[in-house]
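Scroll down for the structure; my scribbles are underneath it.
Number of protein chains: 4
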Amino acid sequence: MSMNSFGHLFRVTTWGESHGPALGATVDGCPPGVPVEAEALQYWLDKRKPGQNKFTTQRREPDQVEILSGVFEGVSTGTPIQLMIRNTDQRSKDYGDISEKFRPGHADITYWQKYGIRDYRGGGRSSARETAARVAAGGVAREALKQLVPGLTITGYMVQMGPHGIDRDRFDWDEIEQNPFWTPDAQAAADWAAYLDGLRKTGDSVGAVIEVTVRGMPAGLGAPIYGKLDTDLAAAMMSINAVKGVEIGEGMNAACLTGSDNADEIRMGPEGPIYSSNHAGGILGGISTGQDVVVRFSVKPTSSILTTRKTITKSGEETEIITKGRHDPCVGIRAVPVAEAMAACVLLDHVLLHRGQIGANRGQIG
Amino acid sequence: MSMNSFGHLFRVTTWGESHGPALGATVDGCPPGVPVEAEALQYWLDKRKPGQNKFTTQRREPDQVEILSGVFEGVSTGTPIQLMIRNTDQRSKDYGDISEKFRPGHADITYWQKYGIRDYRGGGRSSARETAARVAAGGVAREALKQLVPGLTITGYMVQMGPHGIDRDRFDWDEIEQNPFWTPDAQAAADWAAYLDGLRKTGDSVGAVIEVTVRGMPAGLGAPIYGKLDTDLAAAMMSINAVKGVEIGEGMNAACLTGSDNADEIRMGPEGPIYSSNHAGGILGGISTGQDVVVRFSVKPTSSILTTRKTITKSGEETEIITKGRHDPCVGIRAVPVAEAMAACVLLDHVLLHRGQIGANRGQIG
Amino acid sequence: MSMNSFGHLFRVTTWGESHGPALGATVDGCPPGVPVEAEALQYWLDKRKPGQNKFTTQRREPDQVEILSGVFEGVSTGTPIQLMIRNTDQRSKDYGDISEKFRPGHADITYWQKYGIRDYRGGGRSSARETAARVAAGGVAREALKQLVPGLTITGYMVQMGPHGIDRDRFDWDEIEQNPFWTPDAQAAADWAAYLDGLRKTGDSVGAVIEVTVRGMPAGLGAPIYGKLDTDLAAAMMSINAVKGVEIGEGMNAACLTGSDNADEIRMGPEGPIYSSNHAGGILGGISTGQDVVVRFSVKPTSSILTTRKTITKSGEETEIITKGRHDPCVGIRAVPVAEAMAACVLLDHVLLHRGQIGANRGQIG
Amino acid sequence: MSMNSFGHLFRVTTWGESHGPALGATVDGCPPGVPVEAEALQYWLDKRKPGQNKFTTQRREPDQVEILSGVFEGVSTGTPIQLMIRNTDQRSKDYGDISEKFRPGHADITYWQKYGIRDYRGGGRSSARETAARVAAGGVAREALKQLVPGLTITGYMVQMGPHGIDRDRFDWDEIEQNPFWTPDAQAAADWAAYLDGLRKTGDSVGAVIEVTVRGMPAGLGAPIYGKLDTDLAAAMMSINAVKGVEIGEGMNAACLTGSDNADEIRMGPEGPIYSSNHAGGILGGISTGQDVVVRFSVKPTSSILTTRKTITKSGEETEIITKGRHDPCVGIRAVPVAEAMAACVLLDHVLLHRGQIGANRGQIG
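Chains as they are written, first to last, in the working numbering: chain Y, 19 to 384; chain F, 19 to 384; chain G, 19 to 384; chain D, 19 to 384.
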């Protein structure tokens, strides 16, 4: 019921604002005996960290995670793990001039209307900084998954920036770590760099599409009807700031297909069913088939831009605004590690739920 | 935690299979004093009911809802409302010949793997029949919304069938109830009828895109981070059978926009902020702006088709299958009232959550 | 969040009023493959059924349970199990004369104040009839426990009626099924029969204390802090109508003990730790020790009595009331099977939660 | 579902161990605009703090609370409030000699069996230190209640120490703050001081009974069946370390009463119903009557005593143990502020739930 929690058995509650003393994640339900070290979590946080190259915001935060509880002698105890990240580079004065104006496309107006609180220092709870806490929690989930489902890997990457998509024929898993956009298409990386440079000069921003593929999936994770694996993945991704659409497998394009095109044919492999294609994105009826799980989502362009936009003030006067300060021309870039983290949390949760209700898969084939 | 429930304060648990004695919804958390009559709920069920025209499955069920609890002298008592729909036309023998084979694109294989139960009579819990329970529950939510947010309307309609989208310039709210596809574009309705006739003859099926627009929205509904209004809407829609993608406002297309294109400018209207456009789909930071909320989703084509497809049996032998029996060439049609019902449940839930935590919006503008 | 549900992974939502068409339980999260037959559930319902002897209400209901979903070919499918019990003997006219007056000690006044609904036909949702649904759900839990924890038994019995407690030296497990009070003390049964006859003649009622002992407990069930096994047992028992106190092990008497008296000493048995005593009631730090779990609760006397009591009417006038109709001189008797059912639900839930988070106990002794 | 959370809309998750770097509470669902200052919370923490007089443990911790999020310019923002308390006085070496032995009556054996983790430095998550986090969270709840239910007061006090109860005829509200036991009976305070001195000298400990009375209660809070106000209060109290029994109103003694004794008669007062007595403890059918809510619970004696007790080691060898270090001869004393805090959390939660589902009470009397 908690509005700031996600997950059922593996349950993460994030807290903190961009300009308060700290933010973090309270991680409940982690199995005991899982190695949890700050350094390992830091690896993932560093991926998300801003200011690493010219394509992400110049806000510089060490984003150093501290483990305050739930870990003893390097392993989880089974009790809540508190992960805290201090805010250090707050420079709130940059935002001071917009304390009375609402930013078009930004949540400051709805937060004000609902809560009657105007934290003029920054995005408060709606800031992308909140996602650092998710990445830390996702790091814990990854470690637990390593023990419970060896061989499972979760890989996020960018497949579209603005109107420019990748060419799937150039898809190269090894390329993903080689460019600042985490894209599997080297040519796209080169093109996007030029495109983004242009955008950055005009002070504008652009959206993106991120895809996460989970390989080494076991069959049987998920459940009808509201505990579907795809439902939880969709909710997890939609809960990330600026996400406006979520797809599983064929996604929106499934509308265009006929039943004969869409139905992945089934053959018998050496270890169980194999499929001729993966339109389903690895999930049927809310339950994993054992194929790769493929989830995709769009990230809207940030509203913090240097273009003058019409808006109003708290007192209702019409005015204009330009958002100065540090900006991400394509916030979608930093959504990649966040999406991986959310996928890790959802998968671990479903592994635990499955074990809880079922123990192990009950139906044999062959 | 319940895998078959959705909602926080207004909480619906659906139960039942397509070939058992009955199915239904246990509706908890309805405010007291809401008119709940079987006839009013029946109106919505009749919209979803199959067999109404040649474009939906010929399975004929009266889908008569019975109210077993939670209502006294025609109004809700504030205690759980049990809504039951008897299954009457089960004709399970039609499906008997596929009891050993898995249907490509169908959940029977994942259900078998996970649960070790093979209900050869039909789709069991993954059947579209489960959505009748949602529609009944949504009828209750609508009545409560009438009292709490007078003027709010929820309208679902089809905007794409297969590759054929509507022309937004022909959008006519009044047309929606005039054609079997609940589409606002009369020309599209005519085109789709011909297209679907062709598909039906070949025994094939096709996907669709449905859109739901909520008009008369109050500002302030929703919450960060995992209780976002868009998160809950996305989860609600993704939980519907056969849905593969969900979008809010610009949806996946948000990736293509620049920040200056995407940010809806704000002006001051007589009763509060008004917006120059609605790329956001009425939600910023997870909280409603007061604009129309726009949610859209794709429905994949049904896997029950007359085309021969390769598959395997429970014992692991490779074989082929043709699914005889009654089919929906475009199951997306019947998803329209289901989506409206889910939207109604989510909105009522957020109205109650908002009242619970906040009382009434605290921030004034102007 | 649902106000009418209990349990985490094994989750039961009860619904229905004493004078509506039916009541029941929606049981979600049952493992698949558990034998669930109406006859087996009926055995437990018949234990709770009123009108079986002169010491319980003369309302005669067959209390026949129907399984509407979640079971296929006699075993659970892993999807929601709907258990419905029709109300047949409603005779609501007996209660008609009290439709304007509130009964002292009865929930009709608080229901009216909160909900503004006055179901003058009977206790509505606060009626003891609601507990029939719990007993049915508990029957499902028992079957699942049989598979998961063979050897575990749950036995409820009465240890006090009014001021008259049992003599623990006469405790005989085999006696429990031999008398109408489910008490392990044959002498107490005889004494109480005479005592209750006297009370019945004066139209008065009396309270009782029920104890439930779980034998064959595994160690390791439960969790800190709010998911403690004792917390969930206490909540489960306190949620039963008319319960005013709950105890684990020494219960309220723990206040009187010194630390040296209270701490159960530990020795090593052939299969693990054994204890010299069981002051703890089988639970330490919210987690089971493997000893018998002992929970105890008091049931207040029913407020439906033939003594004239002062009260007020809905319009606020002072008046008097005598509750005619059918009464239970000691409703505590019928709480025995209800308490067993609640204990079964809590234990199964914790077995599933334990398996979900931990798999199997991780710490070895010896 | 989270095992370390409590509450529905006002939801508190505590985290942290006695010997880690910090512990705290993540408080979600607090209404916005509530004054939350560290100093105000500190007032309640100082009440619970050990080492204040010779009757509580000599562990000295400043127990200084830091507010890390959810508060802006001194008021709650409506987003999660993170309350952190650093552990400073850990002196873990005191406990080193018992790292291999289990303490009779202590949770170290069940934690080991379940989690396979042995935090030899102290009680870990089962330590009474965890309750500091609850007290901090309760301080937030109190501030919110001040706004929402002015006039409501929550007062905890000790009514029994070991076998020695208070004399209700000497009950004096003003006395409660005047003695180290928070007892309303000055004579009992004097007697207990002498009694406890004796116990302390022998290195033994003793149990206690605490009572919490809520005055100024509104009618209508709570809900059937599993969201009963008394169910939630019982669960809240039973979740406190060392609690073994919980009572509402007459509690276990309700068993001894007849229906004519137990039913509180109703008269009409100037502002609504008034009652001749309060056997019910202010709750009927799970919903508050408007009378004082009275909840009572027992605290077992701490297992950390200087008496030699038989036990076993991790490797299963039989041995003996004496627990040296700092001890509370009567831990019940420090449970008083904890119980008040839990009551505050439960009440605020039910105020929000009530407002969410109902808005305001719907039934008028008179």
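Cβ coordinates follow ideal geometry from the N, Cα and C atoms, glycine included. Just so it is clear, the structure is predicted and the values come from calculations on it, not from any experiment.
- Here E84/Y has M102 as same chain residues with Cβ atoms under 6 Å from its own Cβ, once five neighbours each way along the sequence are excluded.
- For the C-beta of I376/G, the chain Y residues within less than 8 Å are, from N- to C-terminus, P49, P50 and G96.
- In terms of Cβ geometry, A146/D and N259/D form a close pair [threshold 9 Å].
- Counting C-beta atoms within 10 angstroms of its own C-beta, T106/F has fewer than 16 neighbours from the protein chains shown and is therefore classed as exposed.
- In the DSSP assignment, G216/F falls within the alpha helix (DSSP H) that extends over A204 to T220.
- For Q100/G, DSSP records a beta bridge to T44/G.
- Membership of E338/G in the beta strand (DSSP E) is indicated by the continuous run E336 to I339.
- Among the bridge pairs identified by DSSP, F90/G is matched with V93/G.
- Along the stretch 254 to 279 of chain Y, going in chain order, the ones with a CB nearer than 7 Å to a CB of chain F are M256, S257, K262, G263, V264, E265, I266, G267, E268, G269, M270, A272, A273, C274, L275, T276, G277 and S278.
- Secondary structure of H182/F (DSSP, three-state): strand.
- Taking C-alpha positions only, T171/D is separated from N22/G by approximately 28 Å.
- Counting the other CB atoms within 10 Å of its CB gives R186/Y a total below 16, which places it among the exposed residues.
- Using a Cβ-Cβ cut-off of 9 Å, L59/G does not count as an interface residue toward chain F, since no Cβ of chain F sits closer than that to its own.
- Chain F places a beta carbon closer than 9 Å to that of P242/D, counting this residue as a contact.
- I376/Y is the residue among P39/Y, H37/Y and I376/Y whose C-alpha sits nearest the C-alpha of G240/Y.
- A straight line joining the alpha-carbon of R380/F with that of S306/D spans about 29 Å.
- With fewer than 16 other Cβ atoms from the protein chains shown falling within 10 Å of its own Cβ, S294/Y counts as exposed.
- DSSP, read as helix, strand or coil, puts E265/D in strand.
- Using a Cβ-Cβ cut-off of 9 Å, E161/G does not count as an interface residue toward chain F, since no Cβ of chain F sits closer than that to its own.
- Check the Cα spacing between P242/Y and each of E283/Y, Q382/Y and L371/Y: the tightest is with L371/Y.
- Against chain D, a Cβ distance below 9 Å from L41/Y picks out L86, S87 and Q100.
- Burial is judged here by how many other beta carbons sit within 10 angstroms of a residue's own beta carbon; K342/D has fewer than 16 and is exposed.
- A Cβ-Cβ distance of about 6 Å is found for the pair I340/Y and L324/Y, placing them in contact under the 8 Å criterion.
- Contacts between T201/F and chain Y, judged by CB atoms closer than 9 Å, are missing: the closest CB pair is about 13 Å apart.
- A distance of 9 Å or more separates the beta carbons of G267/F and S322/Y.
- The Cβ-Cβ distance between I351/F and P198/F falls below 9 Å.
- Short of 7 Å from the beta carbon of T95/G, and not among the five residues preceding or following it, lie these beta carbons of its own chain, in chain order: P50, G88 and V89.
- Secondary structure of Y61/G (DSSP, three-state): helix.
- The contact set of L27/F on chain D, defined by CB atoms closer than 9 Å, consists of H26, L27, L371, G374 and Q375 in chain order.
- Inter-residue distance for E91/F and S117/G is about 14 Å (C-alpha atoms, whole angstroms).
- D192/Y and A237/Y have their C-alpha atoms some 26 Å from each other.
- The C-beta of K132/F comes closer than 9 Å to at least one C-beta of chain G.
- E289/F sits in coil when the DSSP states are folded into three classes, being neither helix nor strand.
- Taking a cut-off of 8 Å for Cβ pairs, the stretch 153 to 161 of chain D and the stretch 44 to 62 of chain D touch, as three or more such pairs fall below it.
- Under the DSSP assignment, S278/Y falls in the alpha helix (DSSP H) whose first and last residues are G277 to N280.
- With 16 or more neighbouring CB atoms inside 10 Å of its own CB, T201/F falls in the buried class.
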